[in-house]
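Chains as they are written, first to last, in UniProt numbering: chain E, 1 to 194; chain R, 1 to 194. The beta carbon of each residue, even a glycine, is placed where N, CA and C say it ideally should be.
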């Protein structure tokens with residue numbers, strides 16, 4: 001678990017810096033928006049990333065605490081603080097996923113070299129980190145038998161539209177399938193979030 | 001606390017239904033999107049609401065559990081499950097806030113009577129519920145002295161752009177102020193999320 005905590009620490013400190021770069025890019029866009037719709041749109045994305053930033057400000061020290069102070073026996077679902085750590089990590093997996101999509105949405109709009117270069121750099125790292133967090137958490141949730149049932153497991157399976165190595169943008173066929181596949185079922189059952 | 005749990009239960013079951021109505025409205029929009037940008041845009045909002053739905057599927061039974069089985073002594077920060085409840089409620093306050101903005105963004109686009117009527121109905125209830133959840137949690141976090149420092153307290157103060165009784169849409173002046181006000185500070189300090 002120590003090695004995984006080191007990787008989580010690296011990923012979440014990296015993404016915290018990335019959020020700040022993205023927010024700094026959006027700030028003048030919001031101030032100079034051409035209409036109310038555009039302003040609300042970027043303002044909304046800005047706020048969602050700000051919410052994520054404020055969660056990371058709490059999560060990162062929690063990861064550090066487990067890195068520095070704890071013994072292997074503390075990495076157990078009987079330890080409430082460890083459960084909280086896993087719960088937060090599971091939430092921030094989605095935070096990273098949503099960030100990749102915020103970057104993709106921005107890439108549709110900001111085509112100038114400076115911003116598109118920055119956005120592509122952030123996007124490349126965030127996508128890779130999202131994939132790694134997803135894989136690590138699948139393994140950890142399985143190892144600790146936490147009864148965590150990822151409500152989006154079927155969703156992630158279909159999430160190849162995030163993978164730009166296949167296509168430069170989501171294809172109609174893929175996304176249409178996702179849209180149907182994602183329809184919430186009646187009687188939708190989800191396990192505990194830890 | 002029992003009375004507050006009853007209100008939370010009502011608000012979060014109501015918003016769960018509202019998410020499903022909104023997702024059903026978005027589904028054909030995604031399928032018939034005019035281009036990749038529009039498709040990703042609505043697909044992204046659809047996914048964020050889907051993530052919120054999956055959290056509510058866990059939160060609502062947790063509220064019910066506290067409604068039905070617990071005594072007043074269990075409503076204490078020394079009870080880990082109660083802390084988890086408060087933490088989830090604090091998270092879903094932001095979920096409601098973001099939902100109001102998703103509805104506002106949709107209202108810019110869907111002007112036909114059927115969809116704008118639905119969106120306005122969902123928007124009116126969700127805004128009222130967001131305000132109530134915010135007020136109740138401020139009071140509860142204070143009562144239990146949970147050391148919860150809302151990372152967005154300054155933000156909420158400025159959040160009158162959500163209040164349509166003042167203006168029909170965010171005004172440029174207000175939003176510009178928000179954008180500046182929301183800039184993350186260096187040395188940003190945030191208390192525990194419980």
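Tell me, please, whether the CB atom of residue 44 of chain E is closer than 8 Å to any CB atom in chain R?
Any Cβ of chain R closer than 8 Å to the Cβ of residue 44 of chain E would place that residue at the interface, and such an atom is present.
With a threshold of 6 Å on Cβ separation, who are the neighbours of residue 8 of chain R within its own chain once the five nearest residues in sequence on each side are excluded?
Same-chain partners within the cutoff: 63.
Quick check on residue 157 of chain R: buried or exposed, where buried means 16 or more other Cβ atoms within 10 Å of its Cβ?
For residue 157 of chain R, the predicted model reports a pLDDT of 47, less than 50, meaning its position is unreliable; a value from the coordinates is still stated below. Here residue 157 of chain R is exposed, its C-beta having fewer than 16 other C-beta atoms within 10 Å.
Mind checking which residues open and close the alpha helix (DSSP H) that includes residue 18 of chain R?
2 to 31 is the span of the alpha helix (DSSP H), which, as asked, contains residue 18 of chain R.
In chain order, what residues of the same chain have a beta carbon less than 6 Å from the beta carbon of residue 67 of chain R, not counting five sequence neighbours either side?
5.
Three CB pairs or more closer than 8 Å across the segment 119 to 137 of chain E and the segment 34 to 50 of chain E:
Taking 8 Å as the limit for Cβ pairs, the verdict is that the segment 34 to 50 of chain E does not touch the segment 119 to 137 of chain E.
What would DSSP say about residue 117 of chain R, mapped onto helix, strand or coil?
Residue 117 of chain R falls in the helix class under three-state DSSP.
Closest by C-alpha distance to residue 51 of chain R, when choosing among R/33, R/2, R/94 and R/77:
Looking at R/33, R/2, R/94 and R/77, the one whose alpha-carbon comes closest to that of residue 51 of chain R is R/94.
Answer with buried or exposed for residue 19 of chain R, where buried requires no fewer than 16 other C-beta atoms within 10 angstroms of its C-beta.
Burial call: buried.
With H, G and I counted as helix, E and B as strand and the rest as coil, what does DSSP make of residue 34 of chain E?
Three-state DSSP puts residue 34 of chain E in coil, outside helix and strand.
Report all residues from its chain with a CB closer than 6 Å to the CB of residue 61 of chain E; omit the five preceding and five following residues, and keep chain order.
The answer is none, since no qualifying residue turns up.
Contacts of residue 22 of chain E in chain R (Cβ-Cβ under 8 Å):
The contacting residues do not exist; residue 22 of chain E stays about 11 Å from chain R at best.
Check whether chain R comes within 8 Å of residue 105 of chain E, counting only Cβ atoms and requiring the distance to be less than that.
Using a CB distance cut-off of 8 Å, residue 105 of chain E counts as an interface residue toward chain R.
At 7 Å on the CB atoms, spell out the chain E contacts of residue 41 of chain R, in chain order.
The answer, in chain order, is 105.
On the CB-based measure, 16 or more other CB atoms within 10 Å of its CB, does residue 54 of chain R come out buried or exposed?
Flag for residue 54 of chain R reads buried.
Measure the alpha-carbon distance for residue 88 of chain E versus residue 88 of chain R and round it to whole angstroms.
Distance between the alpha carbons of residue 88 of chain E and residue 88 of chain R is about 11 Å.
Contact with chain E by residue 90 of chain R, beta-carbon distance below 8 Å
So no, residue 90 of chain R is outside the interface.
Using only alpha-carbon positions, find the residue among E/3, E/101 and E/33 that is nearest to residue 163 of chain E.
With distances taken between Cα atoms, residue 163 of chain E lies closest to E/101.
Pick from R/31, R/49, R/28 and R/105: whose alpha carbon is nearest that of residue 16 of chain R?
Cα-wise, what sits closest to residue 16 of chain R is R/49.
Residue 104 of chain R, DSSP secondary structure in three states:
Looking at residue 104 of chain R - three-state DSSP - the assignment turns out to be helix.
Beta-carbon spacing of residue 12 of chain R, residue 92 of chain R below 8 Å
Going by C-beta atoms, residue 12 of chain R is nearer than 8 Å to residue 92 of chain R.
With DSSP run on the structure shown, which of helix, strand or coil describes residue 126 of chain R?
Residue state, collapsed to three classes: helix.
Where residue 77 of chain E sits in the DSSP three-state scheme:
DSSP places residue 77 of chain E in coil when its eight states are reduced to three.
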